[in-house]
Structures are given as C-alpha cells and as structure tokens.
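In my numbering, the protein residues as written are 1 to 419.
First comes the structure, then the notes that go with it.
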Ligand code: HAM
C-alpha cells in the first residue's frame, strides 16, 4: 500500500482548485474595496505567542496545537489561527507607528489537532482580516460587513450574522461569578463538556448544543455591561442597520478564543453536518498589549474556506465557466504538426490559452480531447493549408468554420473572444 495523506488534511486537485481560486479572488477583491492590505506571516511561530495570544484555557491551546521542539531547542507551533501572528507582526514591525488605522488581511492554512467531523479539518484555510488602532464601532461594523459581503458575493445563501458584546475582562470576571452561582446547582444535570467548561471557561457553557433546556433564566452578559460597552454595542447595531446588514443579537454567543472584548460575532449557515458556524471574529482591545506591544485596540474576523466551498457545493452554486483552454491546435501530417509547436508558442505569447496533442493520436481522438477541455476554438492545420499559409478556425460554440491566415490566427481568436 502506498502513502496516504494525514487524517484531517485534503488534496485539492485540479477541478476543485479552480473553485478555491474563485473564492480567494473574491476575498482579495473585497479587501481591495474595503482597503485592507495583504500580510503574509510565518506558518509557524513560537509556542508562547499562542499561549499568551489565544489564551491558556482555550481548547486550542490546551489540546489542539501542533507543537514541536525544533533543532535549536525552541518550542514551535504551527499556527492554529491567524490573529496572533498578524498582531505579532504588527508589533514587531511597528506598524502602529503609521498615521492611519492598520488594515490587514491574510489567506492561508491553519492547523488544529481536532476530532475529525464534517467541516472540521486538521489543516484548514482561513480568510482573515485584522484592523488595528481604533476603537470606533464603525470599524467593528465594517469588519462584519466585509464578511457578510464576501459570503453574499461568492453566492452563499442563508448566511446569518449573530452579534454579542462580551464586555471587558473585568466585566467578564464579575459575570463569571453570577453565571457560576446560577450553574452550580445544576452541575450534575449538565453534560461532561459543560462540567469541564464550568471549571475552565464558564461563559462557553451557554454555547452548549445539548444543555439549552437547563439554561432558562440564566443571567445574560448584556445585563452586566457598563455604559461604555453598552454605548459601543448600540452604536455598532446602528451602523449595521445603516449598512443594511441583517443581524440578530445572541447574548449566549461566546467565542472559543480568549482575546475578545466588546464585540463578538459569528456567521452561521445550515448544511455542514452538526456545524453551523462558518466564520467569526470580534474586537480584541487587550491583545496587542498582552503580547508585548503598545496599548492598541483591534478588531477582526476569520472565515473558514473549506466550509465556504462545502456550502457552495451543497447549494449547487453556479461557478461560471471553469474551462481554461481557449484553443486546441490540430496538425494533420508531420510538417503541420511541427508547425503547431511554433503556433502554440505564438498564441501563448499573445495571452491565449492554447493546447495540442502530444500522444500522436488520430484527429478524432484529438477532437475529443478538445471537447474535454471545453475549448472555445479548435484550429486545424492540414498540409495544403500550411502551404497556403492558412488554417481552419472552428468556433465550437456554433460549429462555424472559416479559413484564416496563419499570421492572423491570434488576432482572429482575440477578436472573436470579445463578449
Ligand atoms: P475561529 O472561530 O477559531 O476564529 O475560526 C474562524 C473560522 O475558521 C471558523 O468559523 C471556521 O469556519 C474555521 N475553522 C476553525 N477551525 C476549523 C477546522 N478545524 N476545520 C475547518 N475550519 C475551521 C479565529 O480563528 C480568529 N482568529 C478569528 C478572528 C480574527 N478574530 C479576530 N480576528
């Protein structure tokens, strides 16, 4: 038996990759319009960064990181998410010294050693954005709008936006006490996950899928907010309304990472097994400082690309024309075949995607090949034509054929390809 890919990873083969390219191109285009600029940070970072950034008590840091000691005896971790690395780069490169808000985006692989299930991988890909240097709730709204616009424009239906305010660390500490006072008497009724979360991160208990019937009358974090948090959250809602971004407030929404303050949000959609969250993010006003930078606020999001593509497939999205070859060249006879080598290069130099046969196949098999490539044109060169300096150009969309000069072939194709 040969080798197999590690569990929780995927080979993206030709055919699927084109769909990813469409999704990624949309992400880039949206970032251009929202004025976010790309940043590329290392796939691995020092383990401390994630311990301090993501949080010691999170599932990610406690049990999901790919951590190893390198040959220089450093503890290294494959990034489980993108925010910590982006913020590290922001601090290390002193981007906070720039006069404007720093707006960054990234697309790339992340690694979490998670239990396998539909929509959950050990190597997965995120499209993420981070906006650093402002507390203005208009920036939170912009980030939420960016993700919403992305899903809408890639053609995903049924995406819901849920928002919450998780306050400040001090507010959460006080709320944690109130919540624990409510939960303690019910401890024995709750599932194993909830009981363990009560000890580690009680706020996440409210997120549980199976125990909701026990949470009737639970305190809401929204009632614990101070004036500053409440004003920020209300302004955010006003901005989302002004931008026509539909949303619902979910006071139980708590994210799996520790760095959030004020705004937390998720994008949800049905269709991937038990999972309904396809993206999420929020504000993180203490993160920059906690990893050794200045006291600069930030807000961002991370959208899972596997989940996006899976849902698009489930919804039978229209990917448009995925064919990649414009013209297939057929040479009949030795001299003509040789000529196609030259023609092919001429066409490619002019920006035309061109292909030919390399297997010495008969004309009929070559035409089938052209069909498989779903080419717009085939160009057939016979000995007589070669002698006259002409070639037959066949438009596969309507079957029409015409003779064109060999030297004018590229121009003909370019002129007929205009929509
Ligand atoms: P997160 O909620 O941990 O947030 O991940 C964001 C998205 O990444 C998820 O909603 C999901 O679509 C995708 N994702 C996470 N884990 C997996 C997995 N094992 N398999 C497939 N997809 C997965 C963050 O990572 C934050 N850094 C987001 C953020 C940016 N907050 C502020 N800035």
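Glycine residues also receive a C-beta, built at the ideal position from the N, C-alpha and C atoms.
If you check the CB distance, residue 50 and residue 80 come in under 8 angstroms. By the C-beta density criterion, residue 380 is buried, having at least 16 other C-beta atoms within 10 angstroms. By the Cβ-count criterion, residue 365 is exposed, with fewer than 16 other Cβ atoms from all chains shown falling within 10 Å of its own Cβ. Straight-line measurement puts the Cα of residue 249 at about 29 angstroms from the Cα of residue 295. When only Cα atoms are considered, residue 146 and residue 349 end up about 38 angstroms apart. No heavy atom of ligand 1 is found nearer than 7 angstroms to the CB of residue 144. Counting the other Cβ atoms within 10 Å of the Cβ of residue 181 gives fewer than 16, which makes it exposed. For the pair residue 156 and residue 407, the Cα-to-Cα distance works out to about 45 angstroms.
Around the beta carbon of residue 207, 16 or more other beta carbons sit within 10 angstroms, so the residue counts as buried. Looking at the DSSP output, residue 109 shares a beta bridge with 125. With a threshold of 16 other beta carbon atoms within 10 Å, residue 368 falls short and is exposed. At least one heavy atom of ligand 1 falls within 7 angstroms of the beta-carbon of residue 120. With a contact defined as Cβ atoms closer than 8 angstroms, residue 257 and residue 279 miss out at about 13 angstroms. In the pairwise beta carbon analysis, the segment 122-131 is classified as not touching the segment 326-337: fewer than three pairs are separated by under 8 angstroms. The segment 194-201 makes no contact with the segment 134-151, as fewer than three CB pairs between them are under 8 angstroms. Per DSSP, residue 220 lies in no alpha helix (DSSP H) segment and is marked neither H nor E.
The beta-carbon distance between residue 65 and residue 77, rounded to whole angstroms, is 5 angstroms. This is short enough to meet the 8 angstroms contact definition. Within its own chain, the residues whose Cβ lies closer than 7 angstroms to the Cβ of residue 245, once the five positions on either side in sequence are excluded, are 144, 145, 148, 161, listed in chain order. Three or more pairs of CB atoms, one per stretch, sit closer than 8 angstroms, so the segment 205-222 contacts the segment 173-180.
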